[in-house]
Each structure stands twice: as structure tokens, then as C-alpha cells.
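Respectively, the protein sequence lines represent chains A and B.
Under the numbering used here, the residues of the first sequence are numbered 85 to 410, in order.
Under the numbering used here, the residues of the second sequence are numbered 85 to 410, in order.
All C-beta atoms, glycine included, are put in the ideal place defined by N, C-alpha and C.
Small disclaimer: the values here were computed from a predicted structure and weren't measured.
Number of protein chains: 2
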Amino acid sequence: MLAIDLGGTQIRAAHVAADLTVSCRHAVPTDSASGVEDVVERLCALASEALTAARVEGLEAPIGIGISAPGPLDPWAGVVVSPPNLAAWHNVPLARLVSARLGLPTFLERDTNVAVMAEWRFGAAQGARTVVYVTISTGIGGGIVIDARPLIGLDGTAGEVGHLTVDIDGPLCGDGQRGHAEAIGSGIAIRRDGMALLEQGASPTLAALVSDPQQLSARDVADAADSGDAACAAIYERAYIAVGAMCAGLVNLLNPEVIVLGGSIAEHRPRLHVVVGREIAERSFPRPAARVRLEHARFSDDVSLIGALPIVNERIADPAYRRASA
Amino acid sequence: MLAIDLGGTQIRAAHVAADLTVSCRHAVPTDSASGVEDVVERLCALASEALTAARVEGLEAPIGIGISAPGPLDPWAGVVVSPPNLAAWHNVPLARLVSARLGLPTFLERDTNVAVMAEWRFGAAQGARTVVYVTISTGIGGGIVIDARPLIGLDGTAGEVGHLTVDIDGPLCGDGQRGHAEAIGSGIAIRRDGMALLEQGASPTLAALVSDPQQLSARDVADAADSGDAACAAIYERAYIAVGAMCAGLVNLLNPEVIVLGGSIAEHRPRLHVVVGREIAERSFPRPAARVRLEHARFSDDVSLIGALPIVNERIADPAYRRASA
Numbered sequence: 085m086l087a088i089d090l091g092g093t094q095i096r097a098a099h100v101a102a103d104l105t106v107s108c109r110h111a112v113p114t115d116s117a118s119g120v121e122d123v124v125e126r127l128c129a130l131a132s133e134a135l136t137a138a139r140v141e142g143l144e145a146p147i148g149i150g151i152s153a154p155g156p157l158d159p160w161a162g163v164v165v166s167p168p169n170l171a172a173w174h175n176v177p178l179a180r181l182v183s184a185r186l187g188l189p190t191f192l193e194r195d196t197n198v199a200v201m202a203e204w205r206f207g208a209a210q211g212a213r214t215v216v217y218v219t220i221s222t223g224i225g226g227g228i229v230i231d232a233r234p235l236i237g238l239d240g241t242a243g244e245v246g247h248l249t250v251d252i253d254g255p256l257c258g259d260g261q262r263g264h265a266e267a268i269g270s271g272i273a274i275r276r277d278g279m280a281l282l283e284q285g286a287s288p289t290l291a292a293l294v295s296d297p298q299q300l301s302a303r304d305v306a307d308a309a310d311s312g313d314a315a316c317a318a319i320y321e322r323a324y325i326a327v328g329a330m331c332a333g334l335v336n337l338l339n340p341e342v343i344v345l346g347g348s349i350a351e352h353r354p355r356l357h358v359v360v361g362r363e364i365a366e367r368s369f370p371r372p373a374a375r376v377r378l379e380h381a382r383f384s385d386d387v388s389l390i391g392a393l394p395i396v397n398e399r400i401a402d403p404a405y406r407r408a409s410a
Numbered sequence: 085m086l087a088i089d090l091g092g093t094q095i096r097a098a099h100v101a102a103d104l105t106v107s108c109r110h111a112v113p114t115d116s117a118s119g120v121e122d123v124v125e126r127l128c129a130l131a132s133e134a135l136t137a138a139r140v141e142g143l144e145a146p147i148g149i150g151i152s153a154p155g156p157l158d159p160w161a162g163v164v165v166s167p168p169n170l171a172a173w174h175n176v177p178l179a180r181l182v183s184a185r186l187g188l189p190t191f192l193e194r195d196t197n198v199a200v201m202a203e204w205r206f207g208a209a210q211g212a213r214t215v216v217y218v219t220i221s222t223g224i225g226g227g228i229v230i231d232a233r234p235l236i237g238l239d240g241t242a243g244e245v246g247h248l249t250v251d252i253d254g255p256l257c258g259d260g261q262r263g264h265a266e267a268i269g270s271g272i273a274i275r276r277d278g279m280a281l282l283e284q285g286a287s288p289t290l291a292a293l294v295s296d297p298q299q300l301s302a303r304d305v306a307d308a309a310d311s312g313d314a315a316c317a318a319i320y321e322r323a324y325i326a327v328g329a330m331c332a333g334l335v336n337l338l339n340p341e342v343i344v345l346g347g348s349i350a351e352h353r354p355r356l357h358v359v360v361g362r363e364i365a366e367r368s369f370p371r372p373a374a375r376v377r378l379e380h381a382r383f384s385d386d387v388s389l390i391g392a393l394p395i396v397n398e399r400i401a402d403p404a405y406r407r408a409s410a
């Protein structure tokens, strides 16, 4: 199977075998400023290269192509609707364009739904009936499996766990909406709060780390916290609590078997896991809190490549998806 | 079909016909202080009376009994686990006890899940694929249908919409958990905030309405708000916003077709509906916000009787439920 990951900064293509071996990796910058047609052209060329490489290496011939892309998108029609980080993209029929060019059935799914498929079919939530996958990095995204069926929603937009309100009067998130978990718990929120500390002159450690405040990253705030800066540590602690309160709500709402925490912040900040566990214990009902397992994601950057495998395998015979991929 | 509604203050029994006609109504006080066996005995006697009345009136013979009860409960085993408003009840096998006494297959479900079945099969959400039912009265409860299947959860506790955190640092709810929607938006929360106004001497209107502060009800706060008391109006407005933020999160999370608002506060305070609509518009993504319909519940007090009809009809042939009801 050929997997394509259309990200905000780079496009990746790779062959994914049935045993989950990822090979024939190819990547190019997305360069979304260059226009939609240009990006699609680059994506198709990249996929073509990966296909050729797979043929040369004698790998199993792909039965289809699975594309992971940012939402919102229409998974049935294979259309990228209007992702915030691909500014010029509006209703681009990406699956059809790729399928026409490469001659293989092509399926499109939101990156976080691809990720939950990887973790559910092969990873930290393998075999579970109800799964919440949460990715905490620049933003907070998610994908959900309920009673052994991926939750898609009526328009394919379901699973946006990061856009539950956890603080009615809280800060705005990137979408201009108030008090969402993403507006407190994400890398963007952490960076925003770090900038505020710099502006207030409230963190000498952070000021010493960063010469140009505009270049500040969430990672810098983490470094300052790790070297003992209490204000920076408090920003992270608040972020963890926001993610924890969000997860606790999902435990009460969905009574799930597993919550998987992934993304760069989950990967590099082990305290997140601890605080989320505590918040679930404090904010959820005893029965579902006792039931849920909190797990680290098994897959890292390759999650959106590996998850494309079950997307293709499980949709290739499903008439609801076939119409876009012919 | 015979429907039983085990509530905190009264037990009701009635015959529900296929055309939804509710007849042979019988009711007794729950008097939960009198002990579990005594309450079960009274419930069985009441059901027996209703069955006799139905026979005398020549109504269709019930094929089973559906019991609506407060959660948490185990719907498969038919066991009432430990409802907060039935203090002495712990793991009571109510379905088996009733079935043994009355000789009919008996099914137990949480009151809010019974209500969503009524609204989904016959009411405001008829025919919808994904439904969120929210009841706002003393507490905030809910029931969810996803992709035409009731959401039960691994232990039967799913659907607790009122226990999503909407204000990380907010007040405690009845379960001692912080910042849940119920802790701001429910009748109990409104009463608590009204008491605080009285204690602070901050609402002369409310003080004039209520001679004994301990007797204060959410309804008194509503009456004061309606007669122009700004502080009381602000309590209600905050409650509506909490429910609205909660609903907006559910729109982002589930991408539902319908949200049904029921319960006494939804029924008597039309502004709730307005504020919830506004909060969804402001706090949800445009696509799912444009898709969701916000509806008033069709059924009032009879919702837990009418909803028992599809519970019995749809579970009587389901082996997952049969084991408890033989």
C-alpha cells in the first residue's frame, strides 16, 4: 500500500507493507504558498517516485493509496475542504486527482483519524472496542473509535477533542473560539503564554534563552521550565490540566476502554501522562475512571503512514468510499 | 408494554401501547429511606396493579417490562449499581427481581438513555443518525445515539454530557468534581448560587420572595430574574452559557444531526435554547455548527415511560440483554 502524508510543512510518501514495514520513503516541502495545482503536482510526482522505487525493490504491489491530510475534509468524496494550514485549499478533490494520475484507488482521511486507525489496529489500543486518540503538539487533535467503529460524524468532522470547551472564559484558540482545550493545552497556547511572560519581563530564564521573542517556541518554554523557571513550569502545568480535564470529560461521556496520548508534547513531556491520569481520577465518575487505560502512543511520526494501511484495506470494498476513488 | 419509571421521589407504572398511548397510570412515593426490599416490593405491587388494569381494560398484553432508573446501572445484567438519589441501593438486580415476580422479560436502562430512545424513535430526533439528548433540570443528564446506534459505553455509563468540564477552576458539582457543566448549568447549581446571593444580601427581590433561605429553589431564582433582578438573571445566563459551551463541544466532538434539549429548565426557560444556539455558533467549527439542528424535546414527563417501549422491543431478541431478563 502506498501512504501519503500531506502535512503543513512537508509531503511524505512511502510504501507500507502488511507487516507494517515502512520503506521507499520520499519527502518534499509542501510549500503551500506555491498554489494548489503545484502542490498536487508535487504530491503526485512524489507518489510516483515511491511507487517506482517499490517496484524496483520488488515489494508487494500497492492495491491502493491512502492519504492523510489536515481537516476539515470529506472522507467519502475524498475532498480537502479548507484546512487552516493550507490556506489556498478549498474543496480540492485530492483523492480523484491522485487516483486519475496514478491509476490506483485512493482514499483520503483526516490525519488524526488516520492516526487512531494505526493505534487501534496495530498500536497502543489494539483490540479495544472504544478508543480515544489524542495528539498534543502544535494543536490538539483526536480520533475516536466507538464500539469497534471509527467515529466519522455526519460530515466527517467528528473527533475534534481539542475543541471541547474546558474554560468558559478562557483564552481564544487559533480558530477564534474561546476556552477550548487547544487554547490552553497546545504548543501554540504554550508559546503564546511564554511570549506574555517575556513581554512582562516575568521570566529571566526564558529571556536568557531567547534572543528574539518572535522566535520563541513551546520547546523554549519547556527548557526554561526544566531549568527551574516556576512561571514556565506553571504554563506547562496548566496545559496538562486542560488536557486532563478534557480527557476526564471524555471518560464520562464515552466510557472508553483506552485513551492514547500522542504528539510531540505527549512524547517529550512524561508529566503530561501523570497529570492526565490524576485529572481523570479527580474529575471522572469512579466506574468509567477505573475502566479506562491511559496509554502512550506506540507510533511516532510514522503514525500517519501506518494508519493509511487499514484505511485503504477497510475502505476499498466499501461502496460509501468507492465513488471518489475510482 | 409495561413501563416503570423509578425516580428519586416517585415510582410510576403505566401501559404504553404501540401507538404511544399511555394508560393505566399508577404511582407511589419512592420513599427510598424505607429500604431497598420495601421499595422493590412497592414497585412490583404497582406494576402488578397496572398489569391488572390493562387486562381489565382489554389493552394489548405486554410482551415485556421496561424500567427507567437513575444511573449508574448495568443495562445488560439489569442491575442498579449505586444511584446518588437512592442512597441504600448497591448492585440491586432489579430486572431479575421484577421479572421473577411478574413473569415477564424485564429490561433496565438509565433514565436519560430511555429518554433519548423516546426522542430518537418517536420524537424531536426521529430518524436522525446521530443524536445528543440533554436534560437540564435538577442535574444535567444525557443520552447519545451515534450512527443509528445508542451509545452505551463499556460499562453502560456513557452519555454523561453534564459531566464534561467546562470551567477548569469552576465550582464543584454534587459528585464533588470541579467545573462540570452540571456544576454551573443545573437546578442545583442555580439554587446554590441563589443561596449565596441571599447570604450576601445581594438580591432584595429574592429575599422578598423567600422567607426561609433553606427552602429556596431554582424556580425562586427564576421568578426573581423574571421580575427584573439582575443578579438572579446573571445566574441563569451563566447557567445557559455553561450548557451552551457543553453543547458546542459536543458539536465539535460528534458532528451530530440533532441536539434535543429537555428537562424542566429547558421546558420553562425558552432563553436557554437561544443561548445554546448562540454558543454553538460562537464555539463550534462552521461545518458541524451549520449541520446540527437544535430541537425542543417533544416528550415531557412521559419521556421515561414512552422510551421504555423501544427499549423492550429492541432488546427482547438481543442475547446480550436476555440473560438478565429471563
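Item: When burial is assigned at 16 or more other CB atoms within 10 Å of the CB, is Asn175 (chain A) buried or exposed?; Value: exposed
Item: Which runs of the beta strand (DSSP E) fall wholly inside the segment 131-215 of chain A and span at least 3 residues, in chain order?; Value: 149-153 and 190-194
Item: What three-state label does DSSP hand Ser420 (chain A) in the structure shown?; Value: Because chain A is modelled from 85 through 410, residue 420 (chain A) falls outside the range shown and cannot be assessed.
Item: So with CB distances below 8 Å, who are the chain B contacts of Glu366 (chain A)?; Value: Gln261 and Arg262
Item: How many whole angstroms separate the CB atoms of Thr136 (chain A) and Pro113 (chain A), which I take to be in contact at a CB cut-off of 8 Å?; Value: About 21 Å; that fails the 8 Å criterion.
Item: Return the chain-ordered list of same chain residues with a C-beta closer than 6 Å to the C-beta of Ala273 (chain A), the five sequence neighbours on each side being excluded.; Value: Ala267
Item: Three or more C-beta pairs under 8 Å: does that hold for the segment 351-364 of chain A against the segment 190-199 of chain A?; Value: no
Item: How long is the line joining the alpha carbons of Leu300 (chain B) and Gly258 (chain B), rounded to whole angstroms?; Value: 17 Å
Item: Please determine, among A:Val100, A:Ala171 and A:Leu86, the residue with the shortest C-alpha to C-alpha distance to Ala131 (chain A).; Value: A:Leu86
Item: Using a beta-carbon distance below 9 Å, is His380 (chain B) in contact with chain A?; Value: no
Item: Please compile the residues from chain A whose C-beta is within a distance smaller than 9 Å of the C-beta of Ala117 (chain B).; Value: By Cβ distance, chain A contributes nothing, its closest Cβ being about 24 Å from Ala117 (chain B), past 9 Å.
Item: Cα separation between Arg185 (chain A) and Ser384 (chain A)?; Value: 30 Å
Item: Verify the CB distance criterion: does Ile88 (chain B) have a CB-CB separation below 9 Å to chain A?; Value: no
Item: The alpha helix (DSSP H) with Ala318 (chain B) in it runs from where to where?; Value: Ala314 to Leu338
Item: Looking only at its own chain, which residues have a Cβ that is under 8 Å from the Cβ of Asp307 (chain A), when we skip the five neighbours before and after it?; Value: Leu293
Item: What residue does the beta strand (DSSP E) around Glu379 (chain B) start on, and which one ends it?; Value: Arg377 to His380
Item: Fully enclosed by the segment 346-410 of chain B, which beta strand (DSSP E) runs are 3 residues long or longer?; Value: 377-380
Item: So, using beta-carbon positions, are Pro255 (chain B) and Arg275 (chain B) closer together than 9 Å?; Value: no
Item: Using only alpha-carbon positions, find the residue among A:Gly333, A:Glu144, A:Gly162 and A:Thr241 that is nearest to Ile151 (chain A).; Value: A:Gly162
Item: What are the residues of the segment 230-246 of chain A that lie near chain B, defined by any Cβ-Cβ distance shorter than 9 Å?; Value: Ile230, Asp231, Arg233, Leu235, Ile236, Gly237, Leu238, Asp239, Gly240, Thr241, Ala242, Gly243, Glu244, Val245 and Gly246
Item: Looking at the C-beta of Asp251 (chain B), does it have a partner C-beta in chain A at a distance below 9 Å?; Value: yes
Item: Indicate the three-state DSSP secondary structure (helix, strand or coil) for Ala291 (chain A) in the structure shown.; Value: helix
Item: Which class does Ala87 (chain A) belong to by DSSP, given the choice of helix, strand or coil?; Value: strand
Item: Is the shortest distance between the beta-carbon of Pro340 (chain B) and the beta-carbons of chain A less than 9 Å?; Value: yes
Item: Report the three-state DSSP secondary structure of Ala98 (chain B) (helix, strand or coil).; Value: strand
Item: Output the boundary residues of the alpha helix (DSSP H) element that contains Gly269 (chain B).; Value: Glu266 to Gly269
Item: At the level of alpha carbons, what is the spacing between Ala329 (chain A) and Thr249 (chain B)?; Value: 6 Å
Item: Which one of B:Val360, B:Ile395, B:Ile252 and B:Glu341 has the shortest CA to CA distance from Ala323 (chain B)?; Value: B:Val360
Item: Taking 9 Å as the cut-off, decide whether the C-beta atoms of His110 (chain A) and Glu144 (chain A) are in contact.; Value: no
Item: Using the beta-carbon count (16 or more within 10 Å), is Ala410 (chain A) buried or exposed?; Value: Low confidence applies to Ala410 (chain A): its pLDDT is 48, below 50, so where it sits in the model is not reliable, and the reading given next is rough at best. Under this definition Ala410 (chain A) is an exposed residue.
Item: Is Ala410 (chain B) close to chain A? Criterion is C-beta to C-beta, closer than 9 Å.; Value: Summary for Ala410 (chain B): the model assigns pLDDT 48, below 50, so the residue's position carries little reliability; its value from the coordinates is reported in the next sentence. Answer no: the Cβ-Cβ gap between Ala410 (chain B) and chain A never drops below 9 Å.
Item: Let me check you understand the geometry: is the CB of Leu293 (chain B) closer than 8 Å to at least one non-hydrogen atom of the ligand COA?; Value: This structure lacks the ligand COA; in fact it carries no ligand of any kind.
Item: Which of the three DSSP states is assigned to Pro297 (chain A) in this structure?; Value: helix
Item: According to DSSP, is Leu281 (chain A) helix, strand or coil?; Value: helix
Item: Compare the Cα-Cα distances from Ile147 (chain B) to each of B:Pro159, B:Thr190 and B:Asp115 and report the closest residue.; Value: B:Thr190
Item: Give a yes or no on whether 9 Å exceeds the smallest Cβ distance from Met85 (chain B) to chain A.; Value: no
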